[in-house]
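Chains as they are written, first to last, in my numbering: chain G, 1 to 313; chain P, 1001 to 1313.
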């Protein structure tokens, strides 16, 4: 297996269906950070998050027979929308299992992208069983939101693009939830970087990945009490394995630090990012000594927020 | 006088001090509008608004003696910050006259850019007298926020850049306050467009420019009750003259239409624009028949908002 070639092929495969997102800089935030920062704006990606990359790549790898029978996933977040939209663009059916207590706005978004929603009880067990049912009855292929090598390879394209635009990055900082994004970025850093490190950023309140790296085995979160709602998930075996081997370290940040970083990005860069994206900047600002005078890439993972419910007071 | 050559020279003069802002597009908003829209993102301009262009051009036209004695203006809005920042970058003093009831956040921003604030009573008469005092005592040169040909020529560079990126625009829609931006854009459309019209967009609640064009003489606003706080000013003689001769028409929009357009831009484009910017999109959405299937430029004039006080409910 040649990872570099796999990423190049995945990128070519999905290019007609995704945006090549811009890289933004901010003199003011550089001054605050004491480093030179390059923000990869996946908040401008189609449907507003990097998830579009992995979802598209996974679907495009299916056989024609599989495509005819559709895909299924369980997610209440950006991956649900991403799979629905990617499927719609490729004219195939997407069955989305969502917990019945998912916010109405998220259900509407999935429906807006043509996803076929099945509601279930809000437990992991119910989600898995419902998805398995659909697999069996419809013959649909299950696509995991992050613990899937094709999803990871799709996500890796964001790192490849960033390193094409900024070849001399010392490190790329990536928010960590289930680990699908940082796994892709870590592989890209290896393949296309010049000694470029992949570093994770995680809310202290859901620091399962930090503890997993420390202990050498997958740890679970005991609470999900964070504003960074994209990062509540624990790692899977595939993502843990990649992170354990290729991620330098994981920096944890407080809720206050996340909101402060989010405010900086909104006020200074005039772009809308979701709290999960701000976790990456929060990590840089928390570890100024580590990053002093370095060239640092940050993945702004998404920009889907509820404008009626913002954390600025 | 050769306007085209003047705009080219102004653009060259200010280029080292401003950003060349990107042009954004949105498939989703195009579908809603039934037209192809090109958003010139002056919300990403230095200090967050197009005003940086005009302020910089006006200062750069001063003699060395004038520069030594500084500049003065009266403004509580983006021009105060723009003149302060432009002056700071050129190492000259900027005296900013602000009404004592101006929001603390705006005073802090001007101070942050090194402006020297003099407070006065919140009347136009007090502002003018205080500025005249400073002119006399300090020898500072007064620079009007919009009714100044060098300011207008600086603003024109935004239109030149937009038409360089999108040469075949049928029209450019511009928010109208004092008329400094639309005057510059109208001159650029004449100089660099291919039969490209300049069209104004104005809140119905402060429709002085609309009434001025209708009546053929400068009209004042009787209220300033609009969320688009950059557009409350009435025209000056220079801007009225240019608008009267070169602006096709002015479209007025309601407060609800402004907020709805602002929400669309925030939610779909993931960028932060102030209400004044959203007025341009509101005008396009209000006049779909006029713009059907056309290529339309819109100037997103600025992105300075108070995140604690947003109109989304």
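All C-beta atoms, glycine included, are put in the ideal place defined by N, C-alpha and C.
Between the CA atoms of residue j and residue i - distance to the nearest angstrom
| i | j | result |
| --- | --- | --- |
| residue 1007 of chain P | residue 1021 of chain P | 17 Å |
| residue 1059 of chain P | residue 1180 of chain P | 16 Å |
| residue 1236 of chain P | residue 1147 of chain P | 5 Å |
| residue 165 of chain G | residue 1264 of chain P | 30 Å |
| residue 1050 of chain P | residue 1082 of chain P | 9 Å |
| residue 278 of chain G | residue 1276 of chain P | 27 Å |
| residue 301 of chain G | residue 1266 of chain P | 17 Å |
| residue 1242 of chain P | residue 1186 of chain P | 8 Å |
| residue 247 of chain G | residue 178 of chain G | 14 Å |
| residue 36 of chain G | residue 26 of chain G | 9 Å |
| residue 1225 of chain P | residue 1125 of chain P | 21 Å |
| residue 1155 of chain P | residue 1295 of chain P | 22 Å |
| residue 14 of chain G | residue 57 of chain G | 6 Å |
| residue 1170 of chain P | residue 193 of chain G | 44 Å |
| residue 1234 of chain P | residue 1206 of chain P | 8 Å |
| residue 1195 of chain P | residue 1172 of chain P | 11 Å |
Given residue i as reference, the closest of the options once Cα atoms are compared
| i | options | result |
| --- | --- | --- |
| residue 101 of chain G | G/93, G/116 and G/77 | G/77 |
| residue 227 of chain G | G/245, G/97, G/18 and G/256 | G/256 |
| residue 105 of chain G | G/305, G/192, G/313 and G/200 | G/305 |
| residue 1238 of chain P | P/1067, P/1118, P/1260 and P/1184 | P/1184 |
| residue 335 of chain G | G/182, G/191 and G/54 | Any property of residue 335 of chain G remains undetermined from this structure, which presents chain G solely from 1 to 313. |
| residue 1003 of chain P | P/1149, P/1019 and P/1030 | P/1149 |
| residue 1201 of chain P | P/1287, P/1074, P/1092 and P/1028 | P/1287 |
| residue 64 of chain G | G/47, G/40, G/72 and G/91 | G/91 |
| residue 1297 of chain P | P/1075, P/1231 and P/1039 | P/1039 |
| residue 1114 of chain P | P/1028, P/1269, P/1072 and P/1210 | P/1072 |
| residue 250 of chain G | G/240, G/199, G/14 and G/273 | G/199 |
| residue 86 of chain G | G/28, G/173, G/157 and G/53 | G/53 |
Any chain P beta carbon closer than 9 Å to residue i
| i | result |
| --- | --- |
| residue 269 of chain G | yes |
| residue 23 of chain G | no |
| residue 218 of chain G | no |
| residue 273 of chain G | yes |
| residue 246 of chain G | no |
| residue 90 of chain G | no |
| residue 114 of chain G | no |
| residue 263 of chain G | yes |
| residue 54 of chain G | no |
| residue 307 of chain G | yes |
| residue 43 of chain G | yes |
DSSP-derived helix/strand/coil call for residue i
| i | result |
| --- | --- |
| residue 986 of chain P | Because chain P spans 1001 through 1313 in this model, residue 986 of chain P falls outside it and cannot be assessed. |
| residue 110 of chain G | helix |
| residue 124 of chain G | helix |
| residue 296 of chain G | strand |
| residue 1197 of chain P | strand |
| residue 65 of chain G | helix |
| residue 12 of chain G | helix |
| residue 1227 of chain P | coil |
| residue 312 of chain G | coil |
| residue 1270 of chain P | coil |
| residue 119 of chain G | strand |
| residue 1019 of chain P | coil |
| residue 1162 of chain P | helix |
| residue 105 of chain G | helix |
| residue 1275 of chain P | helix |
| residue 146 of chain G | coil |
| residue 1176 of chain P | coil |
| residue 32 of chain G | helix |
| residue 1094 of chain P | strand |
| residue 1222 of chain P | coil |
| residue 1100 of chain P | coil |
Per-residue burial, residue i [other beta carbons within 10 Å of its own, 16 or more giving buried]
| i | result |
| --- | --- |
| residue 145 of chain G | buried |
| residue 308 of chain G | exposed |
| residue 1121 of chain P | exposed |
| residue 1167 of chain P | exposed |
| residue 1313 of chain P | exposed |
| residue 1016 of chain P | exposed |
| residue 1031 of chain P | exposed |
| residue 68 of chain G | exposed |
| residue 289 of chain G | exposed |
Beta carbon proximity, residue i to chain G, threshold 9 Å
| i | result |
| --- | --- |
| residue 1048 of chain P | yes |
| residue 1162 of chain P | no |
| residue 941 of chain P | Coverage of chain P is limited to positions 1001 through 1313, which leaves residue 941 of chain P absent and any answer about it impossible. |
| residue 1313 of chain P | yes |
| residue 957 of chain P | Residue 957 of chain P lies beyond the residue range present for chain P, which begins at 1001 and ends at 1313; the question has no answer from this structure. |
C-beta neighbour in chain B for residue i, strict 9 Å
| i | result |
| --- | --- |
| residue 185 of chain G | Protein chains G and P are contained in the structure displayed, whereas chain B is not. |
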